[in-house]
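Visitor: The sequence shown begins at 24 in the working numbering and counts up by one.
All residues carry an ideal CB built from backbone N, CA and C; glycine is no exception.
What you are looking at is a predicted structure, and each value in this text was computed from that prediction instead of being measured.
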Amino acid sequence: MEPDVSGRVLVLDSGVGGLSVQREIKRALPDAGLLYLADRAAFPYGDWEADALRDHIASLVNSVSDVWQPSAVVVACNTASTLVLQRLREFLDVPVVGTVPAIKPAAQKTKSGVFAVLATPGTVKRDYTQDLIIDFAPEHHIALVGATGLAALAEDKLAGRAVDLDRLRREIAPCFVEKSGERTDCVVLGCTHYPFLQEEMEQVAPWPVTWIDPAPAIARRLTDVLKRDGVAVGCEDLFFVTS
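#1: What alpha helix (DSSP H) runs, 4 residues minimum, are completely inside the stretch 77–153?
#2: Rounded to a whole number of angstroms, what is the C-alpha to C-alpha distance between V123 and S104?
#3: Give the secondary structure of G253 by DSSP, where H, G and I count as helix, E and B as strand, and everything else as coil.
#4: How big is the Cα-Cα spacing for D187 and K250?
#5: Drop a sphere of 10 angstroms on the beta-carbon of V44, count the other beta-carbons inside from all chains shown, and report buried for 16 or more, exposed for fewer.
#6: Exposed or buried, what is T207 when buried is set at 16 or more other beta-carbons lying within 10 Å of its beta-carbon?
#7: What separation, rounded to the nearest whole angstrom, lies between the Cα atoms of A269 and H163?
#8: With a threshold of 16 other CB atoms inside 10 Å of the CB of E113, please say whether the residue is buried or exposed.
#9: Tell me the rounded alpha-carbon separation between C258 and A55.
#10: Report the three-state DSSP secondary structure of A160 (helix, strand or coil).
#11: Please tell me whether G41 and V254 are closer than 7 Å, where the distance is taken between their beta carbons.
#12: Using three-state DSSP, classify V39 as helix, strand or coil.
#13: Nearest CA to the CA of P118: which residue from V32, K127, M224?
Here it is, written out as C-alpha coordinates:
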(Lines of atoms letter the chains of each structure in order from A and count residues from 1; the text may use other names and numbers.)
(Lines give C-alpha, C1' and ligand atoms only; values in the text may rest on other atoms or scores of the structure.)
Protein backbone atom coordinates (compact mmCIF):
# COMPACT_ATOMS: atom_id res chain seq x y z
CA MET A 1 0.00 0.00 0.00
CA GLU A 2 1.43 3.35 -1.01
CA PRO A 3 1.15 6.23 1.48
CA ASP A 4 -0.89 9.25 0.45
CA VAL A 5 1.80 11.58 1.80
CA SER A 6 5.26 11.20 3.28
CA GLY A 7 6.54 13.14 6.22
CA ARG A 8 4.33 11.94 9.03
CA VAL A 9 5.96 11.53 12.45
CA LEU A 10 6.27 7.81 13.18
CA VAL A 11 5.38 6.88 16.77
CA LEU A 12 6.15 3.28 17.78
CA ASP A 13 5.29 1.12 20.77
CA SER A 14 4.50 -2.54 21.45
CA GLY A 15 0.81 -1.76 21.98
CA VAL A 16 -1.33 1.27 22.65
CA GLY A 17 0.74 2.63 25.53
CA GLY A 18 2.54 5.03 23.22
CA LEU A 19 -0.75 6.82 22.66
CA SER A 20 0.08 8.66 25.91
CA VAL A 21 3.02 10.13 24.00
CA GLN A 22 1.05 10.68 20.81
CA ARG A 23 -1.55 12.82 22.59
CA GLU A 24 1.20 15.09 23.96
CA ILE A 25 2.77 15.37 20.50
CA LYS A 26 -0.62 16.44 19.11
CA ARG A 27 -0.88 19.11 21.78
CA ALA A 28 2.56 20.42 20.88
CA LEU A 29 2.20 19.98 17.10
CA PRO A 30 -1.54 19.95 16.36
CA ASP A 31 -1.14 20.25 12.59
CA ALA A 32 1.48 17.52 12.18
CA GLY A 33 0.40 14.21 10.66
CA LEU A 34 1.26 11.18 12.77
CA LEU A 35 1.67 7.51 11.94
CA TYR A 36 1.16 5.37 15.02
CA LEU A 37 2.52 1.82 14.85
CA ALA A 38 1.24 -0.52 17.54
CA ASP A 39 3.58 -3.50 17.37
CA ARG A 40 0.98 -5.75 18.97
CA ALA A 41 2.55 -8.90 17.59
CA ALA A 42 5.59 -8.27 19.79
CA PHE A 43 3.76 -7.18 22.95
CA PRO A 44 5.15 -6.83 25.56
CA TYR A 45 8.63 -5.60 24.70
CA GLY A 46 9.66 -6.10 28.32
CA ASP A 47 9.62 -9.89 27.87
CA TRP A 48 12.15 -9.87 25.02
CA GLU A 49 15.85 -10.58 25.24
CA ALA A 50 17.88 -7.45 24.55
CA ASP A 51 19.58 -8.47 21.29
CA ALA A 52 16.44 -9.96 19.79
CA LEU A 53 14.39 -6.87 20.63
CA ARG A 54 17.03 -4.55 19.20
CA ASP A 55 17.09 -6.48 15.92
CA HIS A 56 13.30 -6.72 15.74
CA ILE A 57 12.65 -3.02 16.20
CA ALA A 58 15.44 -1.97 13.86
CA SER A 59 14.04 -4.22 11.12
CA LEU A 60 10.48 -3.03 11.69
CA VAL A 61 11.34 0.67 11.66
CA ASN A 62 13.53 0.21 8.61
CA SER A 63 10.69 -1.46 6.69
CA VAL A 64 8.11 1.15 7.69
CA SER A 65 10.49 4.02 6.93
CA ASP A 66 11.23 2.69 3.45
CA VAL A 67 7.53 2.95 2.60
CA TRP A 68 6.33 5.95 4.56
CA GLN A 69 9.41 8.20 4.66
CA PRO A 70 8.69 9.68 8.11
CA SER A 71 9.95 13.11 9.11
CA ALA A 72 10.94 11.79 12.55
CA VAL A 73 10.72 8.62 14.62
CA VAL A 74 9.57 8.55 18.23
CA VAL A 75 10.24 5.34 20.12
CA ALA A 76 7.43 5.66 22.68
CA CYS A 77 8.70 2.87 24.91
CA ASN A 78 11.28 2.98 27.70
CA THR A 79 12.36 -0.65 27.30
CA ALA A 80 12.95 -0.28 23.58
CA SER A 81 14.62 3.12 23.87
CA THR A 82 17.26 1.84 26.29
CA LEU A 83 18.35 -0.57 23.55
CA VAL A 84 17.66 0.66 20.05
CA LEU A 85 18.16 4.42 19.70
CA GLN A 86 21.78 4.23 18.60
CA ARG A 87 20.98 1.52 16.03
CA LEU A 88 18.13 3.56 14.52
CA ARG A 89 20.24 6.69 14.30
CA GLU A 90 22.85 4.76 12.33
CA PHE A 91 20.55 4.15 9.37
CA LEU A 92 17.92 6.89 9.59
CA ASP A 93 18.60 10.42 8.40
CA VAL A 94 15.73 11.95 10.38
CA PRO A 95 15.55 12.77 14.11
CA VAL A 96 15.01 9.82 16.44
CA VAL A 97 13.53 10.65 19.84
CA GLY A 98 13.42 8.09 22.62
CA THR A 99 11.76 7.64 25.97
CA VAL A 100 13.88 7.21 29.07
CA PRO A 101 12.90 6.98 32.74
CA ALA A 102 12.34 10.47 34.14
CA ILE A 103 14.93 10.09 36.89
CA LYS A 104 16.39 13.57 36.52
CA PRO A 105 12.98 15.31 36.88
CA ALA A 106 12.16 13.10 39.88
CA ALA A 107 15.43 13.99 41.57
CA GLN A 108 14.56 17.65 41.07
CA LYS A 109 10.96 17.31 42.31
CA THR A 110 11.35 15.06 45.34
CA LYS A 111 11.36 16.76 48.72
CA SER A 112 11.91 13.64 50.79
CA GLY A 113 14.81 12.30 48.72
CA VAL A 114 12.89 9.06 48.34
CA PHE A 115 11.23 8.20 45.04
CA ALA A 116 10.35 5.19 42.92
CA VAL A 117 10.82 4.21 39.30
CA LEU A 118 7.89 2.08 38.20
CA ALA A 119 8.81 0.35 34.94
CA THR A 120 9.02 -3.00 33.20
CA PRO A 121 11.58 -5.51 34.44
CA GLY A 122 13.54 -4.92 31.23
CA THR A 123 13.83 -1.17 31.83
CA VAL A 124 14.71 -1.57 35.49
CA LYS A 125 17.65 -3.90 34.80
CA ARG A 126 19.18 -1.94 31.92
CA ASP A 127 22.57 -0.28 32.41
CA TYR A 128 21.00 2.84 30.88
CA THR A 129 18.71 3.20 33.90
CA GLN A 130 21.55 2.66 36.34
CA ASP A 131 23.61 5.29 34.53
CA LEU A 132 20.77 7.82 34.87
CA ILE A 133 20.71 7.20 38.61
CA ILE A 134 24.46 7.65 38.89
CA ASP A 135 24.37 10.85 36.85
CA PHE A 136 21.29 12.55 38.31
CA ALA A 137 20.30 10.97 41.62
CA PRO A 138 23.33 9.41 43.33
CA GLU A 139 22.35 10.66 46.79
CA HIS A 140 18.69 9.68 46.61
CA HIS A 141 16.99 6.53 47.82
CA ILE A 142 15.27 5.01 44.79
CA ALA A 143 12.94 2.03 44.68
CA LEU A 144 13.34 0.35 41.29
CA VAL A 145 10.12 -1.57 40.70
CA GLY A 146 9.86 -3.93 37.75
CA ALA A 147 6.13 -4.48 37.30
CA THR A 148 5.12 -7.51 35.26
CA GLY A 149 1.45 -6.88 34.54
CA LEU A 150 0.75 -3.14 34.41
CA ALA A 151 1.09 -2.78 30.63
CA ALA A 152 -1.52 -5.52 30.18
CA LEU A 153 -3.84 -3.76 32.65
CA ALA A 154 -3.51 -0.56 30.63
CA GLU A 155 -4.30 -2.44 27.44
CA ASP A 156 -7.39 -3.83 29.18
CA LYS A 157 -8.54 -0.36 30.20
CA LEU A 158 -8.10 1.09 26.73
CA ALA A 159 -10.00 -1.87 25.29
CA GLY A 160 -12.93 -1.07 27.58
CA ARG A 161 -12.33 -3.85 30.06
CA ALA A 162 -12.33 -3.36 33.83
CA VAL A 163 -9.01 -2.77 35.61
CA ASP A 164 -8.20 -5.34 38.29
CA LEU A 165 -7.59 -2.96 41.22
CA ASP A 166 -6.29 -5.67 43.54
CA ARG A 167 -3.62 -6.65 41.05
CA LEU A 168 -2.82 -3.00 40.42
CA ARG A 169 -2.39 -2.43 44.16
CA ARG A 170 0.01 -5.36 44.41
CA GLU A 171 2.03 -4.20 41.39
CA ILE A 172 2.63 -0.69 42.72
CA ALA A 173 2.99 -1.52 46.43
CA PRO A 174 6.82 -1.82 46.30
CA CYS A 175 7.00 1.82 45.15
CA PHE A 176 5.87 3.01 48.56
CA VAL A 177 8.77 2.81 51.01
CA GLU A 178 10.04 4.61 54.09
CA LYS A 179 13.70 5.38 54.61
CA SER A 180 15.22 7.19 57.59
CA GLY A 181 11.90 8.70 58.53
CA GLU A 182 11.12 9.83 54.96
CA ARG A 183 8.84 8.15 52.48
CA THR A 184 8.23 8.00 48.74
CA ASP A 185 6.86 11.28 47.44
CA CYS A 186 7.33 10.81 43.66
CA VAL A 187 6.76 7.87 41.34
CA VAL A 188 8.28 7.88 37.86
CA LEU A 189 5.97 6.27 35.31
CA GLY A 190 8.68 4.39 33.45
CA CYS A 191 6.44 2.84 30.79
CA THR A 192 4.26 4.75 28.35
CA HIS A 193 1.31 2.48 29.18
CA TYR A 194 1.27 3.56 32.81
CA PRO A 195 -0.16 7.12 32.52
CA PHE A 196 -3.43 5.57 31.38
CA LEU A 197 -3.66 3.92 34.82
CA GLN A 198 -2.78 6.99 36.88
CA GLU A 199 -6.35 7.56 38.06
CA GLU A 200 -6.60 3.99 39.32
CA MET A 201 -3.13 4.17 40.86
CA GLU A 202 -4.20 7.21 42.84
CA GLN A 203 -7.17 5.23 44.14
CA VAL A 204 -5.12 2.31 45.45
CA ALA A 205 -1.93 4.13 46.53
CA PRO A 206 -1.32 4.05 50.32
CA TRP A 207 -0.53 7.79 50.33
CA PRO A 208 -0.50 10.65 47.81
CA VAL A 209 2.55 11.06 45.58
CA THR A 210 3.55 13.04 42.51
CA TRP A 211 3.26 10.86 39.41
CA ILE A 212 5.84 11.83 36.78
CA ASP A 213 4.77 11.24 33.18
CA PRO A 214 7.62 11.67 30.64
CA ALA A 215 5.30 12.25 27.66
CA PRO A 216 5.28 16.09 27.77
CA ALA A 217 9.08 16.15 27.81
CA ILE A 218 9.20 13.77 24.83
CA ALA A 219 6.91 16.07 22.87
CA ARG A 220 9.05 19.09 23.74
CA ARG A 221 12.16 17.25 22.60
CA LEU A 222 10.51 16.35 19.31
CA THR A 223 9.57 19.97 18.63
CA ASP A 224 13.18 20.99 19.33
CA VAL A 225 14.77 18.58 16.84
CA LEU A 226 12.12 18.29 14.15
CA LYS A 227 12.90 19.75 10.75
CA ARG A 228 9.61 21.55 10.21
CA ASP A 229 9.89 21.93 6.43
CA GLY A 230 9.69 18.15 6.01
CA VAL A 231 6.70 17.47 8.26
CA ALA A 232 3.39 16.42 6.71
CA VAL A 233 0.62 18.77 7.83
CA GLY A 234 -3.10 18.90 7.22
CA CYS A 235 -3.46 15.13 6.83
CA GLU A 236 -5.18 12.56 8.98
CA ASP A 237 -3.31 10.55 11.54
CA LEU A 238 -2.94 6.86 10.74
CA PHE A 239 -2.92 3.88 13.09
CA PHE A 240 -1.41 0.51 12.18
CA VAL A 241 -1.25 -2.69 14.23
CA THR A 242 1.15 -5.57 13.58
CA SER A 243 -0.21 -9.09 13.87
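Guide: According to the structure shown:
#1: 101–114, 126–132, 144–148
#2: Straight-line Cα distance between these residues: approximately 7 Å.
#3: Reduced to three states, the DSSP call for G253 is helix.
#4: 43 Å
#5: That one is buried.
#6: Burial call: buried.
#7: Only positions 24 to 266 of the chain appear in the structure, and residue 269 is not among them; the question remains open.
#8: Around the beta-carbon of E113, fewer than 16 other beta-carbon atoms lie within 10 Å, marking it exposed.
#9: 8 Å
#10: coil
#11: no
#12: coil
#13: V32
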